[in-house]
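K.L.:
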Amino acid sequence: MRALSLPGCACRAAFQFGVLSRLVAAGERFDVVAGASSGSVSGAALVAGLADVGPDLWRSMAKTPVVSRRYLASERSPFGMSAVLRGALERFLPEEKLHGTEAELLVATTHARRFFAGRKDALVVHSNHERRDMHDVLVASCFIPVIYARVPRLDGEVHMDGGAADNTLIDALVARGATDITVISPFAGGKIARTLFSPEAPPTAPPHVRLRLLFPERPLRQRHFDFDPGPMEEALTMPHRSVIVEPRNRCTGSV
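Residue numbers (full-length UniProt numbering): 1 to 255.
(1) Please report how far the alpha carbon of PRO7 lies from the alpha carbon of ALA48, in whole angstroms.
(2) Quick check on GLU217: does DSSP put it in helix, strand or coil?
(3) Secondary structure at ARG132, three-state DSSP: helix, strand or coil?
(4) Measure the C-alpha to C-alpha separation of HIS129 and ALA188 and round it to an integer number of angstroms.
(5) Any chance the segment 155-172 sits against the segment 108-117, with 3 or more Cβ pairs inside 8 Å?
(6) Using three-state DSSP, classify ALA201 as helix, strand or coil.
(7) Hey, LEU213 and PRO199: beta-carbon distance below 8 Å or not?
(8) Using the C-alpha atoms, what's the distance from ARG210 back to VAL245?
(9) With three or more C-beta pairs closer than 8 Å as the rule, is the segment 14-23 touching the segment 147-163?
(10) In whole angstroms, give me the CA-to-CA distance for PHE30 and ARG223.
(11) Using the C-alpha atoms, what's the distance from ALA51 back to GLY27?
(12) So what's VAL124 in DSSP terms, helix, strand or just coil?
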């Protein structure tokens, strides 16, 4: 089973959109796509069939009042960034496009009560093949308490940024039978934080799993919360490199 992992990386998800458009153009297909935080939005665009126009989609979003810097600077909504993200989803990623997709979309959220109690079962993985309220799930996966005023609830419980519990969902993909996993990271060498609170490091997988890491050809100038046109365009168009970790830990690299 081929799977794709899209870790959360805030506005640097622009790099993920650029890579996804190239993968689609090359005819690549994935059985399962998993995302956390902003990576869940990248994944949703892919399974909805919009990845081939992903860079244009991202540029359009950045130019509209929904997510532009001018709007964010003047935002007075009591719902803060939750309204911004939901508006972007409704405009560019209609919820009906996430239903009945061939590829399954897995989205990570963190169950807030369990997480702050120190429980190990704080990670919740949602599937678009099982839920209809995927916009709610995507907003919850991106929820950061300081930025989002409206607290998202799923099934009556507060959920927050999926990256707090698991930013890559590699374990969840392996548990579903994935033996070939691609990870798209905006950081040098394919490094990624396994959770929001862990240092960046190359992701790992069990020895029987083929792992492919796709990452920028050179470091991105774009910051985590940065829609400036120059750095954003660089992230969208940045060529990527790849490192492949074959089963039994045989490693190869390519451009």
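Ideal placement from N, C-alpha and C gives every residue a C-beta, glycine not left out.
Just so we're clear, the structure is a prediction, and the values are computed from it rather than from any experiment.
P.N.:
To lay it out plainly:
(1) Looking up residue 7 in the sequence shown gives position 7. Looking up residue 48 in the sequence shown gives position 48. PRO7 and ALA48: Cα-Cα distance of roughly 18 Å.
(2) In the sequence shown, the residue the question calls residue 217 occupies position 217. Looking at GLU217 - three-state DSSP - the assignment turns out to be coil, as it is neither helix nor strand.
(3) Here the question's residue 132 lines up with position 132 in the sequence shown. Reduced to three states, the DSSP call for ARG132 is coil.
(4) The count along the sequence shown starts at 1 and reaches residue 129 at position 129. The count along the sequence shown starts at 1 and reaches residue 188 at position 188. Near 33 Å, if we compare the C-alpha coordinates of ALA188 and HIS129.
(5) yes
(6) Reading the sequence shown from its first residue, position 201 is the one you call residue 201. Three-state DSSP puts ALA201 in a strand.
(7) Walking along the sequence shown from the start, residue 213 turns up at place 213. Walking along the sequence shown from the start, residue 199 turns up at place 199. Not closer than 8 Å, so no.
(8) Within the sequence shown, numbered from 1, the residue matching residue 245 stands at position 245. Within the sequence shown, numbered from 1, the residue matching residue 210 stands at position 210. About 6 Å.
(9) The segment 147-163 is not in contact with the segment 14-23.
(10) Position 30 of the sequence shown holds residue 30. Position 223 of the sequence shown holds residue 223. So the alpha carbons of these two residues sit roughly 29 Å apart.
(11) Start at 1 with the first residue of the sequence shown, and residue 27 comes out as number 27. Start at 1 with the first residue of the sequence shown, and residue 51 comes out as number 51. Whole-angstrom Cα-Cα distance: 12 Å.
(12) For the purposes of this step, residue 124 is taken as the residue at position 124 of the sequence shown. The three-state secondary structure of VAL124, taken from DSSP, is strand.
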